[in-house]
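All the letters of the sequence shown, read from the start, carry residue numbers 2 to 74 under my numbering.
Don't be surprised by glycine CBs; every beta carbon is placed ideally from N, CA and C.
Reading through the structure tokens given below for one structure.
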Amino acid sequence: MNRHENGFGGSKAELVYGDGEYHVVRKGTFVVCAVTGANIPLEDLRYWHADRQEAYADAAAALKRELELRGQE
């Protein structure tokens, strides 16, 4: 269990992802990776897709999602 599970240490944030930045709609300490389901602390959030409004835990997760949608996985 990590610090973001079961309400310990934070809550899920709701964001609107833009090009190079995001805006907080609902305050929280983490978002969930669209590929892995892992909780991503906001201070560690570096990868997202603005058109899809999805967050990714890392570059590998972002690439995996892109390949899935292109039918190349």
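Is it right to say ARG66 is buried, meaning 16 or more other beta carbons lie within 10 angstroms of its own, or is it exposed?
-> Per the 10 Å Cβ criterion, buried.
In three-state DSSP terms, what is LYS13?
LYS13 falls in the strand class under three-state DSSP.
| field | For GLU67, the three-state DSSP class (helix, strand or coil) | value | For GLU67, the secondary structure class from DSSP, reduced to helix, strand or coil, is helix.
* To do: Under 8 Å by Cβ, that's how I've got LYS13 and GLY38 pegged, so tell me the actual separation to the nearest angstrom.
  => The Cβ separation is near 12 Å, so there is no contact.
Take the Cβ of GLU6 as the centre, count every other Cβ of all protein chains shown within 10 Å, and call the residue buried at 16 or more, exposed below. For GLU6, the predicted structure reports a pLDDT of 49, less than 50, and the residue's modelled location is therefore unreliable. A value from the coordinates is still provided. Using a 10 angstroms sphere on the CB of GLU6, the tally of other CB atoms stays under 16, which defines it as exposed.
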